[in-house]
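Numbering (UniProt numbering), first residue to last: 1 to 280. Heads up, the beta-carbon is just placed ideally off N, CA and C, and yes, glycines get one too. Nothing here was measured: the structure is a model prediction, and the numbers come from that model.
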Ligand code: AP5
Ligand code: MG
């Protein structure tokens, strides 16, 4: 009799424990870890005209991510006639870089106002000094970079691209007369406002920009490669590069931040539509 009682008590205990293990008791539920998705903290590198602005717009269109373009910020400052804008106009019109201290302050300040956990920087950092300053800021905020995308495009194709480029300065939207022309010549598709040519888009200035890129920005590839952060996309045709980037982003960060159409469903004919920059 005693044995039967003991045996029932054991069975009850066993069932209670296994039920808890299976369904989770309240206390177990409360402490069970939730799976946090990895935030996207991305840098976009590439030579002048490589397509940084174009790709960052497409990433922004398809993922919940904020983007900051150093060049767009400077052009807005130029358009507004600010002190930074005046310095930037002088430097960028001859293809030189804006001094590091100005750029570091401009971008770190901008980063402070980003209220989304996912962000991408286009055009910053561009020197080792800038990269080290960015690391310092991000380390202090416990927000290390987790991916550096490098767009590797042959130089002979990019000069023609920038000669055909038109931009909408307030939004940073980029058009190209052959690749993604505006619906009406000279006008922004979204606002209908006038597009303009960039003062630094001419063969002479472009040559200087490329030289600066080789001397000051290319060393960043090694800087990030040593830390296993660098992923290079070698562009062959214009249709191929974005789907490759998207695939890599989905692989690394999962689908949680994704809000776009699956790129496997895109055809060549979609390229014009999807390359038109997204609203910022
Ligand atoms: P910034 O505006 O960043 O210029 P950049 O680095 O020279 O790069 P671009 O904007 O010219 O090219 P992109 O790679 O964005 O190409 P896009 O998508 O437009 O900087 C301007 C200046 O500001 C610098 O020179 C410097 O003075 C200063 N500056 C900025 N950041 C700085 C920093 N951190 N430190 C110091 N100084 C700084 O594409 C180019 C064209 O190609 C477009 O017309 C596009 O429609 C077309 N296109 C794009 N992809 C394709 C494709 N796949 N096929 C065909 N056409 C395409
Ligand atoms: Mg750009």
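Can you name, in chain order, every residue of its own chain whose Cβ lies under 8 Å from the Cβ of residue i, other than the five neighbours on each side?
| i | result |
| --- | --- |
| residue 133 | 100, 104, 108, 125 |
| residue 116 | 64, 65, 66 |
Heavy atom of the ligand MG less than 6 Å from the Cβ of residue i, yes or no?
| i | result |
| --- | --- |
| residue 51 | no |
| residue 71 | yes |
Between residue i and the ligand AP5, is there a pair consisting of the residue's CB and a ligand heavy atom that are separated by less than 6 Å?
| i | result |
| --- | --- |
| residue 258 | no |
| residue 91 | yes |
| residue 224 | no |
| residue 202 | no |
| residue 134 | no |
| residue 179 | yes |
| residue 78 | no |
| residue 48 | yes |
| residue 232 | no |
| residue 191 | no |
| residue 197 | no |
| residue 85 | no |
| residue 281 | Because the chain here runs from 1 to 280, residue 281 falls outside it and cannot be looked at. |
| residue 174 | yes |
| residue 54 | yes |
| residue 169 | no |
| residue 206 | no |
| residue 161 | yes |
| residue 126 | yes |
Ignore the nearest five residues each way along the sequence and tell me which others in residue i's own chain have a CB closer than 7 Å to its CB.
| i | result |
| --- | --- |
| residue 62 | 246, 258, 259, 260 |
| residue 147 | 42, 229, 231, 252 |
| residue 256 | 37 |
| residue 129 | 100 |
| residue 272 | Caution applies to residue 272, whose pLDDT of 28 falls short of 50 and renders its modelled position unreliable; the value that the coordinates give is listed next. If we look at residue 272 and ignore the five residues flanking it on each side, its Cβ neighbours are 180. |
Within a Cβ cutoff of 6 Å, which residues of the same chain sit near residue i, ignoring the five residues on either side of it in sequence?
| i | result |
| --- | --- |
| residue 3 | Any reading at residue 3 is ruled out, since the residue's pLDDT is 45, under 50, leaving its predicted position unreliable. |
Please list the terminal residues of the continuous alpha helix (DSSP H) segment that includes residue i.
| i | result |
| --- | --- |
| residue 112 | 100 to 112 |
| residue 71 | 70 to 79 |
| residue 42 | It is not in any alpha helix (DSSP H) - residue 42 instead sits in the beta strand (DSSP E) that spans 41 to 46. |
| residue 85 | 83 to 93 |
| residue 240 | From DSSP, residue 240 is part of no alpha helix (DSSP H); its letter is neither H nor E. |
| residue 53 | 52 to 62 |
First and last residue of the beta strand (DSSP E) that includes residue i?
| i | result |
| --- | --- |
| residue 176 | 173 to 176 |
| residue 167 | 165 to 168 |
- Return the chain-ordered ranges of every beta strand (DSSP E) run that is complete within the stretch 187 to 238 and spans a minimum of 3 residues. 230 to 234
- Run through the stretch 112 to 146 for me and flag every whole beta strand (DSSP E) of 3 or more residues, listed as ranges in chain order. 119 to 122
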